[in-house]
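Residue numbers (the working numbering), protein chains in the order written: chain G, 1 to 109; chain D, 110 to 218.
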DNA sequence: GTAGGTACTTACTTCGCGGTAAGCAAAAAG
DNA sequence: CTTTTTGCTTACCGCGAAGTAAGTACCTAC
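Below is the structure:
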């Protein structure tokens with residue numbers, strides 16, 4: 001029973017930081033290269049500024065991404081992945097592969 | 110841009126069938142051996158009968174688990190994993206490992 | 001009869017995530 | 001001055017997932 005709970009607990013931890021509607025998309029976009037707030041908005045159609053802002057802050061405090069401010073003329077902010085974030089992106093990929101294998105065929109949503 | 114969206118889409122499909130608060134726990138319990146409704150209730154403390162019932166039906170219609178009714182004296186129903194469910198359980202495991210590595214240390218929730 | 005076990009099933013409420021919309025502050029362009 | 005761009009930030013609302021509680025049906029044990 002001991003490692004049964006541990007396993008689901010680890011997954012719950014992972015879910016807690018990635019389960020949002022847009023977090024995986026954000027993680028995926030940033031994994032390619034560091035991105036600015038406005039770039040993310042344009043790369044992820046449909047996300048609102050509020051939600052993007054909220055998720056970025058949540059992911060930052062969860063240690064998935066880094067926020068770096070550059071003192072430049074128009075204010076410039078870049079978001080990049082931490083090692084934890086990059087590692088989570090790989091795990092997300094494993095789940096995504098499952099989705100492609102078992103869902104895209106029988107469920108065309 | 111094309112395979113960017115595909116990747117998150119596959120993950121969204123996976124999330125759709127596993128993102129519930131209790132589904133991973135149910136999947137994990139069943140992956141050990143076929144379980145009955147009452148066994149699941151006792152193995153997953155805190156889950157309500159309504160939610161267990163709802164999640165089981167959802168996971169069944171999503172093709173993760175099989176429901177088998179035995180015509181016995183006290184009515185007997187067993188839930189077991191399908192191949193898709195077993196495969197998803199593996200993917201969940203990968204995420205759970207991430208959770209253990211990067212979360213259980215720095216965040217003791 | 002009552003109590004208990006199996007396996008649901010329904011009604012109602014609550015709470016948080018996400019959506020909509022608007023405001024804010026600084027700088028540059030016109 | 002107004003407008004636009006960048007990067008947030010806040011207020012408010014709605015819906016759906018989950019929680020609470022109770023009911024149903026069938027059988028067994030006492």
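By construction, the Cβ of each residue, glycine as well, lies at the ideal position given by its N, Cα and C atoms.
Neighbourhood of residue 37 (chain G) in chain D, by CB distance below 8 Å: empty, with the nearest CB roughly 18 Å away. Assignment of beta strand (DSSP E) within the stretch 35-75 of chain G, counting only whole runs of 3 or more residues, yields 65-70 in chain order. Nearest Cα to residue 141 (chain D) within the set D:177, D:155, D:199, D:125: D:199. Residues of the stretch 200-213 of chain D with a C-beta less than 8 Å from any C-beta of chain G: 200, 201, 202, 203, 204, 205, 206, 207, 208, 209, 210, 211, 212, 213, listed in chain order. When C-beta atoms of the stretch 64-80 of chain G are compared with those of the stretch 187-206 of chain D, fewer than three pairs fall below 8 Å, so the two segments do not count as touching.
At least 7 Å separates the CB of residue 82 (chain G) from every CB of chain D. Three or more Cβ pairs closer than 8 Å define a contact, and the stretch 83-102 of chain G meets that threshold against the stretch 198-212 of chain D. As far as DSSP is concerned, residue 201 (chain D) takes part in no beta bridge. Residue 163 (chain D) and residue 151 (chain D) have their alpha carbons spaced roughly 16 Å apart. When DSSP reads this structure, residue 190 (chain D) sits in a beta bridge with D:174. The Cβ-Cβ distance between residue 28 (chain G) and residue 116 (chain D) falls below 7 Å. One alpha carbon belongs to residue 84 (chain G), the other to residue 129 (chain D), and they sit about 24 Å apart.
When Cβ-Cβ separations below 7 Å define contact, residue 162 (chain D) makes no contact with chain G.
In this structure, residue 103 (chain G) lies away from residue 121 (chain D), with their beta-carbon atoms at least 7 Å apart. The alpha-carbon of residue 48 (chain G) is positioned some 12 Å away from that of residue 37 (chain G).
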